[in-house]
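Residue numbers (the numbering used here): 898 to 1323.
Glycine is no exception: its CB is placed at the ideal position from the N, C-alpha and C atoms.
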Ligand code: AMP
Ligand code: GLY
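Have a look at this one:
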């Protein structure tokens, strides 16, 4: 099967690593990819926002399956573009329709969907310039802390958790009046703060049935002990010890099943990955957000634990055969630690030479590249999150320690990483 994977991060390196192990994958193209994905397939210089170029490439190379890594092309309707084009509509498409991607692309749409299908989530209200004054009044009377979210995609930065009313009002004003997040923030969701511990749960769905992938926990804060600024993710672990069979049963019954049934009932085309950002409030699961793709860096711990052939699972999804399909999961723990640039997540320097990346670290560790590029024969930094090391072990602590050992061999100027990933599970 001729496959094209879209994206260029650590998530896509992990997906390319796994897809390339399948007997079905031949050839595997990655667009635009990174030097890490080039180890497992052929990188193609395509801009993932240019649907026309993607379509042309697919026709020229007779692509049979397209797997979309990041959310942006999905939210912008890449699926719908493919389905409305004669030459492209037969390609197996892994990723939801524009409507399905709204679960991530619009917080207000997602909240309304959750309400329609009685899925447990934080209480909320939505506001725009039209009911701005009402919003201010609502905020003044709201219990603290208050969670304020820009409706649209804001690159993970559109959420403010405010501990004072004045701060909440200021944030609200910035989003609506000053368009802090542009169009994305013209509509604002104000919601109740849920206190608990977060985890990420993923499924592959064919729109009617689903396969549950291993769960993961990611570490978003930049500094040790979950302090510092929010980032794209500094590390992750899988499995998550508090995700017991009893807890996961509640997650499936209260959140996953009603979501998939809701997609089916509302006739929303959805074949692909669906990410549930959950919070456990004293053992009861609530959903904070949906994402229409895999998480990053969660993918870098989940995919290594997946023993089944990923291409086979994705084909089964496109054929609506997930009901008959099972997955096999490695019982071991996997932890990943992300190496980031000095100054991340605010600023970072591109073009710093990375040494040691291509050493062999044994079967227990995998290095996934993220913000890297090839330059004058070297691999250099290109993004704030540069690469991560995922390791297998019998316990989370051992897996983290193994990744930390590998980190010692890789270096670039200003490289840093958290040493306390998985700290709650020691
Ligand atoms: P989101 O972009 O919706 O995932 O929000 C980003 C982060 O903000 C989440 O991962 C949570 O840590 C936090 N968050 C969002 N909504 C809530 C909420 N209602 N209660 C507590 N924390 C929240
Ligand atoms: N790690 C969270 C995300 O991918 O959105």
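Query, Result
"With 16 other CB atoms within 10 Å as the buried threshold, where does residue 981 fall?", "exposed"
"Please tell me whether, using a cut-off of 8 Å, the distance from the CB of residue 970 to the nearest non-hydrogen atom of the ligand GLY is below it.", "no"
"Buried or exposed for residue 1243, going by 16 or more other Cβ atoms inside 10 Å?", "exposed"
"Do three or more CB pairs link the segment 985 to 995 to the segment 951 to 967 at distances below 8 Å?", "yes"
"How would you write the range of the alpha helix (DSSP H) that residue 1163 sits in, first residue to last?", "It is not in any alpha helix (DSSP H) - residue 1163 carries neither H nor E in the DSSP assignment."
"Going by C-alpha to C-alpha distance, which of 1286, 1291, 1322 sits closest to residue 1314?", "1286"
"By the DSSP assignment, the beta strand (DSSP E) with residue 867 in it spans what residues?", "This structure cannot settle anything about residue 867, because the visible part of the chain is limited to 898 through 1323."
"Drop a sphere of 10 angstroms on the beta-carbon of residue 1266, count the other beta-carbons inside from all chains shown, and report buried for 16 or more, exposed for fewer.", "buried"
"Under a Cβ-count criterion, where at least 16 other Cβ atoms within 10 Å of its own Cβ denotes burial, should residue 1225 be classed as buried or exposed?", "exposed"
"Determine the contact status of residue 1056 and residue 1171, defining contact as a CB-CB distance below 9 Å.", "no"
"State the Cα-Cα distance for the pair residue 1273 and residue 1197, rounded to the nearest angstrom.", "28 Å"
"In the DSSP assignment, the beta strand (DSSP E) including residue 1288 goes from what residue to what residue?", "1282 to 1290"
"Could you check what DSSP says for residue 962 in three-state terms: helix, strand or coil?", "strand"
"Quick check on residue 993: does DSSP put it in helix, strand or coil?", "coil"
"Taking only heavy atoms of the ligand AMP into account, decide whether any of them is closer than 8 Å to the Cβ of residue 1046.", "yes"
"In whole angstroms, what separates the C-alpha of residue 1114 from that of residue 1138?", "10 Å"
"Can you tell me the Cβ-Cβ gap for residue 1318 and residue 1116, rounded? I've got them flagged as a contact below 8 Å.", "5 Å"
"Taking 9 Å as the threshold (C-beta atoms), are residue 989 and residue 1212 in contact?", "yes"
"On the DSSP letters alone, give me the boundaries of the beta strand (DSSP E) that residue 1059 sits inside.", "1056 to 1059"
"Roughly how many angstroms lie between the CA atoms of residue 1145 and residue 957, to the nearest whole one?", "44 Å"
"Near residue 1126, which residues of its chain fall below 6 Å by C-beta distance, leaving aside the five closest residues on each side in sequence?", "1119, 1242"
"Which one of 1079, 1218, 1276, 984 has the shortest CA to CA distance from residue 949?", "984"
"For residue 1069 versus residue 1032, is the C-beta distance shorter than 9 Å?", "yes"
"Just to confirm my understanding: we take residue 952, look at its own chain, exclude 5 residues before and 5 after, and list those with CB closer than 8 Å. What are they?", "978, 979, 982, 984, 985"
"Are the CB atoms of residue 1131 and residue 1201 within a distance shorter than 9 Å?", "no"
"Kindly provide the chain-ordered list of residues whose Cβ lies closer than 5 Å to any non-hydrogen atom of the ligand GLY.", "1115, 1130, 1192, 1193"
"Is DSSP giving residue 1257 helix, strand or coil here?", "coil"
"In or out: residue 1283 buried (at least 16 other Cβ within 10 Å) or exposed?", "buried"
"For residue 1267, which three-state DSSP category applies?", "coil"
"Figure out for me which residue from 1264, 1251, 1229, 1034 has the closest Cα to the Cα of residue 1291.", "1229"
"Of the choices 1312, 1159, 1107, whose alpha-carbon is the least far from that of residue 1219?", "1107"
"Quick one: does the C-beta of residue 1056 sit closer than 8 Å to a heavy atom of the ligand AMP?", "yes"
"Ordered along the chain, which non-local residues of its own chain (more than five positions away) have a Cβ less than 8 Å from that of residue 1026?", "1073, 1074, 1083"
"By how many angstroms is the C-alpha of residue 1052 removed from the C-alpha of residue 999?", "15 Å"
"Helix, strand or coil: which one does DSSP assign to residue 1262?", "strand"
"Since residue 908 is in the alpha helix (DSSP H), which residue starts that stretch and which ends it?", "907 to 916"
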